[in-house]
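Participant: Submitted below is the structure of interest, expressed as C-alpha cells.
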Amino acid sequence: MTLFPSHCWPVTLLLIGVESALQMNLSRVLRRDREIATDYWRRGRGLLWFQHLRRAGGTSLCDLLHAALLVADFVEERSEACQPEEWKLRDAHAVMGHNLTLLAKELRILGGNAFAQEYGPIPAAALLARRMPHWVFVTHIRDPWSRFWSQLRHEMAPCLNSVKALAVCVDGKHEVLGMWWSLTAHLDSVLGVPDYRLAEHPHLYGDNYYTRVLLNRTDLDGPPLTLQDYEVAKSILFDRMSAVIVIEDFARSALQLACTLGLDLDTARPLLQTHVRPYQHHEGMLEIPTESELGIDDVATLQSRFAKNNRFDYGLYQEAKRLSEIQVANCAKRKPVVAELRASAAYVVKEVKQAAIPKVDVGIDALFGCVNGSVEYVDGGFVLMCPRTREQRKHSWWTPVGALKERAGQRVPGEHCWIRGFQWAFCCDESFGPEGNKDCWDETHNYSSCCTSLEK
Numbered sequence: 030m031t032l033f034p035s036h037c038w039p040v041t042l043l044l045i046g047v048e049s050a051l052q053m054n055l056s057r058v059l060r061r062d063r064e065i066a067t068d069y070w071r072r073g074r075g076l077l078w079f080q081h082l083r084r085a086g087g088t089s090l091c092d093l094l095h096a097a098l099l100v101a102d103f104v105e106e107r108s109e110a111c112q113p114e115e116w117k118l119r120d121a122h123a124v125m126g127h128n129l130t131l132l133a134k135e136l137r138i139l140g141g142n143a144f145a146q147e148y149g150p151i152p153a154a155a156l157l158a159r160r161m162p163h164w165v166f167v168t169h170i171r172d173p174w175s176r177f178w179s180q181l182r183h184e185m186a187p188c189l190n191s192v193k194a195l196a197v198c199v200d201g202k203h204e205v206l207g208m209w210w211s212l213t214a215h216l217d218s219v220l221g222v223p224d225y226r227l228a229e230h231p232h233l234y235g236d237n238y239y240t241r242v243l244l245n246r247t248d249l250d251g252p253p254l255t256l257q258d259y260e261v262a263k264s265i266l267f268d269r270m271s272a273v274i275v276i277e278d279f280a281r282s283a284l285q286l287a288c289t290l291g292l293d294l295d296t297a298r299p300l301l302q303t304h305v306r307p308y309q310h311h312e313g314m315l316e317i318p319t320e321s322e323l324g325i326d327d328v329a330t331l332q333s334r335f336a337k338n339n340r341f342d343y344g345l346y347q348e349a350k351r352l353s354e355i356q357v358a359n360c361a362k363r364k365p366v367v368a369e370l371r372a373s374a375a376y377v378v379k380e381v382k383q384a385a386i387p388k389v390d391v392g393i394d395a396l397f398g399c400v401n402g403s404v405e406y407v408d409g410g411f412v413l414m415c416p417r418t419r420e421q422r423k424h425s426w427w428t429p430v431g432a433l434k435e436r437a438g439q440r441v442p443g444e445h446c447w448i449r450g451f452q453w454a455f456c457c458d459e460s461f462g463p464e465g466n467k468d469c470w471d472e473t474h475n476y477s478s479c480c481t482s483l484e485k
C-alpha cells in the first residue's frame, strides 16, 4: 500500500473519487448496452457470443444453450462444441480480419445467430467503444485452480510428471520441459491454429486467464495487469454479460438464462443435471499422478503460489458466485418454475462421459458418407470417388481436395448445381477443359452457371 503525507490526502481522495466515478459510468454504459442487445435478441434480431473458457465446463453449457435456448441457432454443419468448422481451434474475430460486421454477416450466411469463441478473447476494445449493440454475451467460470489442474491433466500432462515439473508450469517456464503438451494433445489444440491463436505461450492459462480473455490481453509480453484492468474486466463480465454461469453450481446458476435470454426450462431440466466430460477417453491413455501422489503439502504450496499470481481471476470467481445467487433469486421471484428448481433438493448432477470411439469395421460409404463410393488408383495415386447428396454434404465431416469455399460474408455462387452427388471438383476442375466435365451438364446446369463465378 502506498502511504501519502497528510497534506496530500485531499488530492488522493479526489483522484480515488474520479476513478470510482469513471468505473460507475462504465458500469452504467455497459448495462445499458446489455439491455439494448437483449431487446434485439428477444425480437429475433440479435446475435449470441458464447465465450467458451477452456477447461471450465463449457461443453455442458454449450449442450444446454444448443438444446434449450430456443431462439439460438448454432451452426449445425460440421460444427463442434458450438463452433462452426471454419472457426474451430481459431479466434473467429481474427479469422474475419478483426471485422465484426463481417463476422456477423458470415455467421448469418452459415445459418446461425450464435457461436462459441473458445480460442480467442472477447474484442474488448470494440465492446467498450459500444460497437457491438446486437450481441448478447454468455460465459461461465470455474475455480481457477480446478480449471488449471484439469488443463494440466488433459492437455499438459508433462507438467504433472513431478512436483518440480508442476512448479515449472505454475511459474510459466514450460519450455524447460521441452514437449510440454500431452501425447493425446497437440500444440494447436492447446493454443489454437497459427495466425489465429488465443496466445503464443501456454502460461496464459496460469496468469489470470479469465481476466486476460475478457480484456483481450492474451499477449503476455505486454504490460502487467493492474487493479484498474481488473475493474474493467469485472465490469465487462458482470455488467455486459447476460449471464455468467458458475460451473460448480451449474444446475442452479444456469437458471439465470430463463430470465435473461429465454431458456426453455422444460427442455433444460435433464441438461441442468448433466456434466459432460469431452476428454474422458483420454484418461485411459495416460497415467496421470494425483495430487496425493505428487505430495499434498508440496502441491498445496504451489497452489498458494498460483492463487497469489492469479488474484484477479479469484476475485472474478468469487464475485461470480455471489452475483449468480442474486440473479437466480431475482429470477425465481418472477418465474415460479425457477423458484421450484432452485429450491429443489433433488439436484444431483450426473456426470456424462463421452465414450471412446470403439474399433469397428466400416466401409467407404459409412466412413465418408457416400452413395456407392469407392477408392480407385489413378495416375499413381489413390482417389476417393464419393457421390453424395446435398444433405450428406451438409453433415459431412470432410471437404474434398479441390472443393471451393465461399468468401467470408458471401454465399457460394452456383450452389444450386451441387445436388445428387455432383461436386465442384468433379464438374469444374480445369483438368476437364474450358467447358468442364460435360457429363455434368443438362439443359439447366452448365459450366457458365455453375463454375465460372467461383474462386478457389
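When we follow the numbering used here, the leftmost residue of the sequence shown carries the number 30, and every step to the right adds one.
All C-beta atoms, glycine included, are put in the ideal place defined by N, C-alpha and C.
(1) Measuring CA to CA, which of 275, 249, 122 is closest to residue 351?
(2) Identify the residues that DSSP records as bridge partners of residue 404: which are they?
(3) Please classify residue 109: does DSSP put it in a helix, a strand, or coil?
(4) Is it the case that the Cβ atoms of residue 273 and residue 168 are separated by a distance below 7 Å?
(5) Give a yes or no on whether the C-beta atoms belonging to residue 302 and residue 357 are separated by under 7 Å.
(6) Along the chain, where does the beta strand (DSSP E) containing residue 169 start, and where does it finish?
(7) Would residue 473 pass as a contact of residue 305 if the rule is Cβ separation under 7 Å?
(8) Roughly how many whole angstroms lie between the Cα atoms of residue 231 and residue 471?
(9) For the candidate residues 208, 290, 156, 294, whose alpha-carbon lies nearest to that of residue 190?
(10) Where does residue 222 sit, in a helix, a strand or coil, going by DSSP?
(11) Could you tell me the alpha carbon to alpha carbon distance between residue 152 and residue 217, rounded to whole angstroms?
(12) Just to confirm my understanding: we take residue 172, look at its own chain, exclude 5 residues before and 5 after, and list those with CB closer than 7 Å. What are they?
(13) Can residue 246 be considered in contact with the ligand GTP, in the sense that its beta carbon sits closer than 6 Å to one or more heavy atoms?
(14) By Cβ distance, which residues of its chain are closer than 8 Å to residue 349, with the 5 residues on each side in sequence left out?
(15) Is residue 109 close to chain B? Criterion is C-beta to C-beta, closer than 7 Å.
(16) Give me, in chain order, the residues of the same chain whose beta-carbon lies closer than 6 Å to that of residue 176; leave out the 5 immediate sequence neighbours on both sides.
(17) Give the single residue among 299, 271, 332, 294 whose Cα lies nearest to the Cα of residue 61.
(18) Report yes if the CB atom of residue 480 is closer than 7 Å to the CB atom of residue 462, and no otherwise.
(19) Just checking my contact of residue 294 with residue 287 at CB under 8 Å: how many whole Å lie between their CB atoms?
(20) Apart from the five residues just before and just after residue 123, which ones in its own chain have a Cβ nearer than 7 Å to its Cβ?
(21) Give me the Cα-Cα distance between residue 56 and residue 258, rounded to the nearest whole angstrom.
(22) Among 404, 416, 66, 289, which residue has its Cα nearest to the Cα of residue 361?
(23) Look at the alpha carbon of residue 322 and the alpha carbon of residue 179, and state the distance between them as a whole number of angstroms.
(24) Alpha carbon to alpha carbon, how far is residue 214 from residue 359?
(25) Distance check for residue 333 and residue 105, CA to CA, integer angstroms please.
(26) Should the segment 231 to 241 be regarded as contacting the segment 187 to 204, the criterion being three or more beta carbon pairs within less than 8 Å?
(27) Please state whether DSSP places residue 267 in a helix, a strand or coil.
(28) Assign residue 451 to one of three DSSP states: helix, strand, or coil.
(29) So residue 120 and residue 227 are supposed to be a Cβ contact under 8 Å. How far apart are they, rounded?
(30) With DSSP as the reference, label residue 151 as helix, strand or coil.
Facilitator: Looking at the coordinates:
(1) 275
(2) 413
(3) strand
(4) yes
(5) no
(6) 164 to 170
(7) no
(8) 55 Å
(9) 208
(10) coil
(11) 21 Å
(12) 277, 346
(13) Among the components of this structure there are no ligands whatsoever, and the ligand GTP is therefore not found.
(14) 170, 266, 267, 273, 275
(15) In the structure shown, chain B does not exist; there is a single protein chain.
(16) 84, 85
(17) 271
(18) no
(19) 6 Å
(20) 149, 225
(21) 14 Å
(22) 289
(23) 16 Å
(24) 42 Å
(25) 43 Å
(26) yes
(27) helix
(28) coil
(29) 6 Å
(30) coil
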